[in-house]
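Chains as they are written, first to last, in my numbering: chain A, 1 to 188; chain B, 189 to 376; chain C, 377 to 564.
Think of the CB as a built atom: it goes at the ideal place given N, C-alpha and C, for glycine as much as any other residue.
A quick write-up on the structure given underneath.
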Amino acid sequence: MSPISIDAVRARAEADARTYGYYLTPDPELLQAFLEGLKVNEERYGYPSCPCRLASGRFDFDRDIICPCDYRDPDVQEYGACYCRLYVTKEVYKSKELPTVPERRPMEKQALSYGTAAQAEKKPEEAAPAAMPKEEAKVVLPKLKPKLWYCKQCGYVIFRDEPPYVCPICKAKRELFAEIKTRIDFLG
Amino acid sequence: MSPISIDAVRARAEADARTYGYYLTPDPELLQAFLEGLKVNEERYGYPSCPCRLASGRFDFDRDIICPCDYRDPDVQEYGACYCRLYVTKEVYKSKELPTVPERRPMEKQALSYGTAAQAEKKPEEAAPAAMPKEEAKVVLPKLKPKLWYCKQCGYVIFRDEPPYVCPICKAKRELFAEIKTRIDFLG
Amino acid sequence: MSPISIDAVRARAEADARTYGYYLTPDPELLQAFLEGLKVNEERYGYPSCPCRLASGRFDFDRDIICPCDYRDPDVQEYGACYCRLYVTKEVYKSKELPTVPERRPMEKQALSYGTAAQAEKKPEEAAPAAMPKEEAKVVLPKLKPKLWYCKQCGYVIFRDEPPYVCPICKAKRELFAEIKTRIDFLG
C-alpha cells in the first residue's frame, strides 16, 4: 500500500462529519492520534479500520469496524459520540465533555478478531506444531455473504452481509430492513 | 409493541435533522406535542406515522406518511418547513415564524385513509350488517408493489412502489427516476 | 422545456448544500450568474448541466457534469470548493477567498463534448456535405451502459456507467466499488 497523507485522512473525516452534521473530537491531541491511527491501519490493511479496535486483517470480516464504522450512527444518536469519540454532536463538541460510550460490536466478532490476530502474531512453526492437528490451531472466520437489503420505510437499497443499525437516509431501525429476493416466473 | 421513550423519539428526529441540515421546530411546546404524537403512533401501529395525518394502520399504505414523510424534502425546499413544521430550515428556525405549508399528499391517498379509519372505528356488526353485502361495506386499499428505481442523474437506487419526490443524494426531481428492469438473455 | 424559476434553482442548490454541510459561494454576483447559467442549461437541455463546462446535449454523456457534478465531492474534500466554486466549505465561505480548483473531468470526455458541440453548431448541409461520407463527419459518443455497483465498505448501491469518485454515504474511494453480478443457479 502506498503511503497516505494525514491531510487526506483528515479531509475524508471532515467530509464525513459535514455530511452527517457531526463534529470531529474537540480534543486536538486526541484528534491527531486518531488520524495517525487511521493512516497506519490504512497502510497496513488497505482500509482505515478503527484505531480503537483490533482488526483481523480480512476485509469482509473487518468491514463493520472500518471508519466510519457500523456502530457510529446509533452511538452518536444515543450517546452524542461514537465509541472512539472521533465523531461527536455539536453539543458534545461545544461542552468539550466526552461521554463514555460502551462497545456495541457483538462479542462474537470481537472474540474472532482476537483469535485471528493472536494466531497471525505466532511464528509459523508455533501456529501449527507437528503435534497439534492443524484444524484445532486455526481460528476460522465465518463466510459472510452479501445480500440485497432494502429499508421498508424509505426504500434505501444496500448490498451487505447484514442490514445497517440505522438507515442512513431516513434513520429507520435495523428491524425495518428486509431482503430483496429476486423471483423469476416461467410462463407456459 | 413495547413502549418507546420520548428520548429515543427525540434522538432519532435530531439525527435526521442533522443529516439533512434541518432544524427541529423552534416552538418547544409544539416540539413536545409532536414527539408525543410520534411515540403514540409508533406504539399503536409499530411505526411513527405523521401525527398531523390520519393513518390507515396498514404499513405499505401509510409508508409515505411515516416520519420523515415522503413530502418533507420537497416541502422544506419550497416552503422552508414540512407540512407539520417539525422540520424547518435554519432561516425559519431563527425567525421563529412558522410558514403555512399546504398538504402535498395526493387526495386519493387521503380519502382511502379516511375510509379505512372510519371503517375500523365501526363496531363489527355495524361494519358488515346482515342486510348489506360485505363487499360494499369494505374500503379496499390498492396493492402496492415495490419496484427497483434509479436516479438517472446520480445513480441512486431505491426499492419502493413509487420513486421519491426528490433524490436524497443529488436532489434530482421525481421525473428523473426510472425503473431498473432485469433482462435475462438465453444463449444457444 | 417549460421555463424554470431562479427561485426553484436556488432552492435546490440550497437543499443540496444543506445535506452535505456545504455553503453556496460567498460572492453574491457569482452566485446569481451561476444560478442563471443553471436555469439556462436546464431550459435548453432539460437538465442543469454545469455552467462552467461545455455540454454535449446528450443526457447520458453529460450525466457526470449535471450539477451537482460527479467531481464536486472529491473537489470540495481536496480544495474546499468545487471546480465552479458554487459549493464551498464553511471555512472557504467565511474567508471569502475562493481557491483555484483544477478540472478533474477526464480529457477524453471534454474532447468528445467539444467535438459534438462544434458539430451541432454547423448548419445541416455543412455537417454532412454530399462530398463527405456521413461517418467521417460524425463525432460518435460512446455507448454508456449502466451497471449495478456497490460500495464494499458500507454497501451503498448505485446504478451508473461508472462508480462515483467518493461514496456519498461513507466517503470510501472509487476503488472500493465493485460490480454486483446476478447469478442464477439452475437446479436439476
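- Exposure of C:I382 is indicated by the presence of fewer than 16 other C-beta atoms within 10 angstroms of its C-beta.
- Taking a beta-carbon distance threshold of 8 Å, A:K171 counts as an interface residue toward chain B.
- For the options A:G80, A:A117, A:Q119 and A:K109, the alpha carbon positioned closest to that of A:V101 is the one of A:G80.
- At a cut-off of 8 Å between beta carbons, A:E162 makes no contact with chain B.
- The C-beta distance from A:Y71 to A:Y87 rounds to 11 Å, too long to meet the 8 Å contact threshold.
- In this chain, the alpha helix (DSSP H) harbouring C:V416 covers P404 to Y421.
- DSSP lists C:F535 as the bridge partner or partners of C:L524.
- Taking the Cα positions, B:L242 is about 17 Å away from A:Q153.
- In summary, B:S190 is exposed, with fewer than 16 beta-carbon neighbours lying within 10 Å of its beta-carbon over all protein chains present.
- Near chain B, meaning a CB-to-CB distance below 9 Å, the residues of the stretch 410-427 of chain C are Y423.
- In summary, the residues of the stretch 438-470 of chain C whose CB is separated from some CB of chain B by less than 8 Å are R439, I442 and P444, in the order they occur in the chain.
- Chain-ordered, the chain C residues with CB closer than 9 Å to the CB of A:G21 read G397.
- Annotated three-state conformation of C:V542 is strand, per DSSP.
- Counting along the chain, C:A554 sits inside the beta strand (DSSP E) bounded by residues F553 to E555.
- The beta-carbon of A:V157 is placed less than 8 Å from the nearest beta-carbon of chain B.
- Under DSSP, C:K549 forms a beta bridge with C:V542.
- Under the 8 Å Cβ criterion, the stretch 230-241 of chain B does not count as touching the stretch 204-215 of chain B, having fewer than three qualifying pairs.
- Taking B:L364 as reference, the option from B:Y210, B:Y338 and B:I346 with the minimal CA-CA separation is B:Y338.
- Rounded to the nearest whole angstrom, the CA to CA distance from A:P51 to B:A366 is 42 Å.
- In its chain, beyond the 5 residues on either side, T492 and L517 have a beta carbon closer than 8 Å to the beta carbon of C:R434.
- Annotated three-state conformation of B:Y210 is coil, per DSSP.
- Non-local beta-carbon contacts of B:N229 in its own chain, meaning distances under 6 Å to residues more than five positions away in sequence, involve P236 and S237 in chain order.
- Annotation: Cβ neighbours of C:P544 in chain B (cutoff 7 Å, chain order): I357.
- When C-alpha distances from C:A409 are compared across C:R461, C:D440, C:E454 and C:D436, the shortest belongs to C:R461.
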